[in-house]
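Numbered by this note's numbering, the letters in the sequence shown go through residues 11 to 189 in order. Backbone N, C-alpha and C define an ideal beta-carbon position, used for all residues, glycine too. Scroll down for the structure; my scribbles are underneath it.
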Amino acid sequence: MPYTPFHEKFPEIAKKETRLIIAIGDPELPEGNYALIESYCDEVGCDCRRVFFNIFSERRNEIVAVIAYGWEKSKFYADWFCDNDPRIIENLKGPALNLASSQSELAPILLDRIKYVLKDMHYIERIKRHYRMFKDLIEKENRKATSIKSGKRVEIGRNDPCPCGSGNKYKKCCMNKKA
């Protein structure tokens, strides 16, 4: 599954809404700012409902941990993955260190700290909103690319994102506007 940083598609929103862990006086985590850089799956048609946090240490100027987090219930991931192995589901749901990414010695500490951040329901709602914005854009880009390649007109459903790029559903935006 390919993942793309949210800021590559929505730089202004990411600039305003990227969350930080600020370490001051933590006996295990060196002082400094740790940015939670959100990345989402850019696979067309995938609805994994997960985010990967690439945790960037400003002091070290590098990614020091990659943590996966899924906000749905375990049953969703069991159905989505077609497997109910508790170890697999736990990693899909997270938070969990991404086993496919290199991790620094700080990764286990940051995994523990992010569990506190993820108790903030307003932040979880922000992640869900970012996910939906990102996935809607990926689907829109795919429809546009398919239309250009095939030379065929793409049908826009009333509940699809509006092609004008407003972020609203087509039925609430341009559907009833006169040409």
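Residue i classed as buried or exposed, judged by whether at least 16 other C-beta atoms fall within 10 angstroms
i           : result
residue 75  : buried
residue 112 : exposed
residue 186 : exposed
residue 38  : exposed
Proximity below 9 Å, CB of residue i to CB of residue j
i           : j           : result
residue 77  : residue 105 : yes
residue 25  : residue 147 : no
residue 200 : residue 59  : There is simply no residue 200 to check, as the chain begins at 11 and stops at 189 in what is shown.
residue 120 : residue 65  : yes
residue 62  : residue 50  : yes
residue 110 : residue 99  : no
residue 128 : residue 117 : no
residue 52  : residue 90  : no
residue 205 : residue 72  : Because the chain spans 11 through 189 in this model, residue 205 falls outside it and cannot be assessed.
Start and end residues, beta strand (DSSP E) containing residue i
i          : result
residue 30 : 29-33
Host alpha helix (DSSP H) of residue i (start-end)
i           : result
residue 54  : From DSSP, residue 54 is part of no alpha helix (DSSP H); its letter is neither H nor E.
residue 77  : Careful: residue 77 lies outside any alpha helix (DSSP H), inside the beta strand (DSSP E) at 72-80.
residue 180 : No alpha helix (DSSP H) contains residue 180, which DSSP labels as neither H nor E.
residue 12  : From DSSP, residue 12 is part of no alpha helix (DSSP H); its letter is neither H nor E.
residue 98  : 96-103
residue 86  : 84-91
Under the three-state DSSP convention, the category residue i falls into
i           : result
residue 49  : strand
residue 117 : helix
residue 137 : helix
residue 112 : coil
residue 65  : strand
residue 39  : coil
residue 171 : strand
residue 128 : coil
Beta-carbon separation (whole angstroms), residue i vs residue j, contact threshold 8 Å
i          : j           : result
residue 81 : residue 134 : 6 Å
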